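For the sequence shown, full-length UniProt numbering assigns the number 1 to the initial residue and increments by one for each residue that follows.
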Amino acid sequence: GVVPVEKTSGSSVRGRARMSKTGPADVRAKLYMAAIVAIRWNAPAKALYQRLIAKGKASKAALGAVMRKLVHQCFGVLKTRMKWDENYAATA
Numbered sequence: 001g002v003v004p005v006e007k008t009s010g011s012s013v014r015g016r017a018r019m020s021k022t023g024p025a026d027v028r029a030k031l032y033m034a035a036i037v038a039i040r041w042n043a044p045a046k047a048l049y050q051r052l053i054a055k056g057k058a059s060k061a062a063l064g065a066v067m068r069k070l071v072h073q074c075f076g077v078l079k080t081r082m083k084w085d086e087n088y089a090a091t092a
């Protein structure tokens, strides 16, 4: 439920891309709030958010990308059973 869905009809009718509503809404709501905190305190998430905003993306679209990044970070921590290390990618 953190992927964008493009609304199109044929080749001429295009609507704004929106967040997919599939999946549990309560999980998506918690990820949203976590993403808001992450763009302030999580350096990789903050860099991603600022890069997307600089490219002209909407703030909610950039926030959706941060939500997805948080999911990947959580999965990596759970998979490797290692503590979160902000500099892990830089040292690996």
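Each residue gets a CB set at the ideal place from its N, CA and C atoms; glycine is no exception.
What you are looking at is a predicted structure, and each value in this text was computed from that prediction instead of being measured.
**Q.** 4-residue-minimum alpha helix (DSSP H) runs that sit fully inside the UniProt domain "Transposase IS116/IS110/IS902 C-terminal" (1–50), ordered along the chain
**A.** DSSP runs (the alpha helix (DSSP H)) wholly in the UniProt domain "Transposase IS116/IS110/IS902 C-terminal" (1–50): 25–41.
Q | Separation of residue 62 from residue 14, as counted between CA atoms | A | Mapped onto the sequence shown, residue 14 falls at position 14. Mapped onto the sequence shown, residue 62 falls at position 62. Whole-angstrom Cα-Cα distance: 20 Å.
Q. Relative to the alpha-carbon of residue 3, which residue among 64, 50, 47 has its alpha-carbon at the smallest distance?
A. Within the sequence shown, residue 3 is the residue found at index 3, counting from 1. Residue 3 has its Cα closest to that of 64, out of 64, 50, 47.
**Q.** Of the listed residues 56, 42, 33, nearest to residue 73 (C-alpha basis)
**A.** Mapped onto the sequence shown, residue 73 falls at position 73. Looking at the Cα atoms, 42 is the closest of the given residues.
Q: Report buried or exposed for residue 78, applying the criterion of at least 16 other Cβ atoms within 10 angstroms of its Cβ.
A: Here the question's residue 78 lines up with position 78 in the sequence shown. Looking at its Cβ environment, which holds fewer than 16 other Cβ atoms inside 10 Å, residue 78 is exposed.
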